[in-house]
Every structure is written in C-alpha cells, then in structure tokens.
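Colleague: Below you will find the structure I want to go over with you.
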Amino acid sequence: MVEPLWPFRLCRCGLQRFGVAARSLCRLLRKGCWLLQLPLVGSRLYLYKGSPELTESCFQTLPPQMELVPLGSGESWWSCACIIKRLLAALCSQQGAVVGAAQRLLMDEPAPHRQKLLAYLFHNLSLF
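Just so we're aligned: 189 in the working numbering is position 36 of the sequence shown, and the numbers increase by one with no gaps anywhere.
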C-alpha cells in the first residue's frame, strides 16, 4: 500500500510560503531544498512555531498544513517565541538605553501610525 501524501507549508525566514506534499521527511526536504534553492547536503527541517529539528518519527505525527522551515548547513532557526524571549531579555538588561532610543525615535518619526506604536512602546517601557 502506498503511503498518503501529507501537505505542508514551507517558508524561509517569514517570507514567501510554498505548499508542498510528501510521503516522507526525506522527500519533503528534497522538495523544500529544490524550491528554496538550498543545498540538500546538510539541510534539515524545523517547525516554524518551535525550534526542534524534525525527525522521521516526528514527521509521521505532524498535522496537515504545518509550517516548516528548511535550513541549509550552518544555518540556525529561532522560532518567534525564542526571538521574543531574547528581545525581552535584552530590553530588560538595557532599559535606560532602550527608553532613550524610543524617545528619540518618537520625536523624529513623521508617520502617525509609527508615532502611535513608538508611544505605546515608550509607555510600556516606562512602566517597568
């Protein structure tokens, strides 16, 4: 019996996403590398919302339409949650500098929607 094709979405650093279907992790990785012009040797797949590298056993349990990130050799993937954690840690350790930078940006920003975002950021930073 032929294994069914599983549909997934492949993306690269939040840019364009591609719909790809495959029966195995190996085939999915090949298709992803071809689509995103990555070298196959040393490439691997990661979950977009989390950081663990996919294995064949994990691949078999993934729901359809899961977003995956193919990476070439030497590349690393930080999920959005990891990036936010690192950003918040950096903001907390350099709070004075960040508040000053937000104030300067707010004074120099001509666009109203960006002014609103910067004012919101400045207000929230001031609460700490």
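Think of the CB as a built atom: it goes at the ideal place given N, C-alpha and C, for glycine as much as any other residue.
Whose C-alpha, out of Glu220, Leu191, Leu259 and Tyr201, is nearest the C-alpha of glycine 227?
Modeller: Taking only the C-alpha atoms, the option nearest glycine 227 is Leu191.
Colleague: When the Cα of glutamine 256 is compared with those of Asn277, Ala243, Ala242 and Cys245, which residue comes out closest?
Modeller: It is Asn277 whose Cα lies nearest to the Cα of glutamine 256.
Colleague: Mind checking which residues open and close the beta strand (DSSP E) that includes tryptophan 159?
Modeller: Element bounds for tryptophan 159: 159-164.
Colleague: Could you pull out every unbroken alpha helix (DSSP H) segment of at least 4 residues lying fully inside the region 179-224, listed in chain order?
Modeller: Whole alpha helix (DSSP H) segments, 4+ residues: 209-212.
Colleague: In three-state terms, what does DSSP make of alanine 264?
Modeller: Residue state, collapsed to three classes: coil.
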